[in-house]
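Protein chains in written order, with our numbering: chain R, 1 to 167; chain P, 1 to 253. All remarks here apply to the structure that follows.
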């Protein structure tokens, strides 16, 4: 290693270490709000927490294209379901909006200084506070509660009518 | 898995196999209850359907705007969106609007709702530089706001003036209809409802008010209500000369 390389390496190492030395002890770790309920018994969330921390953005990116372009509306990795479960009301019953440290997404994103633009279009709080989802099937349409408004036969009835003898 | 696979041959065979049994459920001579498959949530929309809306302008009441207000409430634009308050009337979103037309010669006045016509060959999709303006396999034309850059070429290309641009930061959007500043938007045929075997909010509101001027259904299914109506009484495209083969048709014009 030449002298020049040595100097470059030293400066780089110093630059990389700088934020840690400056911030160490100053910024407390984020307080991440607890989810409303356990989606699975095995690991709580729809995937193990370590996996979600590392890969939630990829899963959301994949899901958004499936949903919008192909109409695949499953619960798992649906942004609406993340919000329903993870954005919890504060003591006064109000929800923190994205940008406030109390919001589930902001708690980490503000700490890590990573911007998100999901919420310039998507709603950042649950729409219906009484809304609790069942995670049993994993394939429920995630807006199922409004699926059959109006004068339509229920899906079950239609299945009986049309597929009764398929078993 | 096989019985859940959405397969053309399977369902067709299934249908013919059922024809005899279905005769018992005939609503009227020659008219059968439609073979409805609620598409499982984990399966993609296919080109086996093409969703369409038929509007009977003779039944569409003048001065009635239930379809418009239903759309606002469902998708959170217009009066249902308090945050878009700095935009002028010409800037605000209009997913669906009521149009009144008058024949100058006879004085005959007609009223009709106008929205995205969900073309088979949509000009908005042709001109989009990013691929954000898109048509789903089942014929519903949408904007993928994830990749929309807000250039508004599609708004210029659309002969029906069906698209709007959001000029302001929004908040408290509906979960089913994400919308935000800097992107173009239009009628989605309530795709979130359609994906769950539902009916668009405008059609539902029209029926709820007993006007029954709108029919929603699968244009590719000869037994659907909309197809039978179209076969029996016909339905026109707006600007048929453009050859866009619209999914929204009008009768009585």
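Built from N, CA and C at the ideal position, the CB exists for glycine as well. From a predicted model like this one, the values you see are computed outputs, not experimental measurements.
Within-8 Å CB hit, residue i to chain R
i, result
"residue 195 of chain P", "yes"
"residue 42 of chain P", "yes"
"residue 253 of chain P", "no"
"residue 134 of chain P", "yes"
"residue 104 of chain P", "no"
"residue 146 of chain P", "yes"
"residue 174 of chain P", "yes"
"residue 93 of chain P", "no"
"residue 45 of chain P", "yes"
Residue-level contact to chain P via CB, residue i, 8 Å cutoff
i, result
"residue 101 of chain R", "no"
"residue 121 of chain R", "yes"
"residue 71 of chain R", "yes"
"residue 35 of chain R", "no"
"residue 80 of chain R", "yes"
"residue 74 of chain R", "yes"
"residue 68 of chain R", "yes"
Own chain, CB closer than 6 Å to residue i, minus 5 neighbours either side, in chain order
i, result
"residue 109 of chain R", "116"
"residue 74 of chain P", "201"
"residue 215 of chain P", "54, 225, 226, 229"
"residue 177 of chain P", "75, 76"
"residue 211 of chain P", "59, 61"
"residue 72 of chain P", "78, 79, 80"
"residue 118 of chain R", "none"
"residue 101 of chain P", "110"
Environment of residue i [buried if 16+ CB atoms lie within 10 Å]
i, result
"residue 52 of chain P", "buried"
"residue 196 of chain P", "buried"
"residue 93 of chain R", "exposed"
"residue 63 of chain R", "buried"
"residue 89 of chain P", "exposed"
"residue 112 of chain R", "exposed"
"residue 27 of chain R", "exposed"
Residue interval of the beta strand (DSSP E) (run including residue i)
i, result
"residue 95 of chain R", "Unbroken run through residue 95 of chain R: none, as it is neither H nor E."
"residue 56 of chain P", "51-56"
"residue 302 of chain P", "As shown, chain P starts at 1 and ends at 253. That puts residue 302 of chain P outside it, with no answer to give."
Cβ neighbours of residue i in the same chain (closer than 8 Å, five flanking residues each side left out)
i, result
"residue 126 of chain R", "83, 84, 87, 95"
"residue 7 of chain R", "none"
Span of the alpha helix (DSSP H), counted from its first residue to its last, around residue i
i, result
"residue 67 of chain R", "49-70"
"residue 123 of chain P", "123-127"
"residue 68 of chain P", "66-75"
"residue 160 of chain P", "Taken as a continuous stretch (DSSP letters only), residue 160 of chain P belongs to no alpha helix (DSSP H), as it is neither H nor E."
Spatial neighbours of residue i in its chain, beta-carbon cut-off 7 Å, leaving aside the 5 residues before and after
i, result
"residue 91 of chain P", "167"
Anticipated Cβ contact below 8 Å, residue i with residue j, distance rounded
i, j, result
"residue 99 of chain R", "residue 44 of chain P", "About 35 Å separates the two Cβ atoms, so there is no contact after all."
"residue 87 of chain P", "residue 98 of chain P", "Not really, about 20 Å apart at Cβ, beyond 8 Å."
"residue 252 of chain P", "residue 56 of chain P", "6 Å"
"residue 39 of chain R", "residue 49 of chain R", "About 11 Å separates the two Cβ atoms, so there is no contact after all."
"residue 117 of chain P", "residue 153 of chain P", "The Cβ separation is near 18 Å, so there is no contact."
Taking only beta carbons into account, state which residues of the stretch 178-189 of chain P come closer than 9 Å to chain B, listed in chain order. Note that chain B does not occur in the displayed structure, where the protein chains are R and P.
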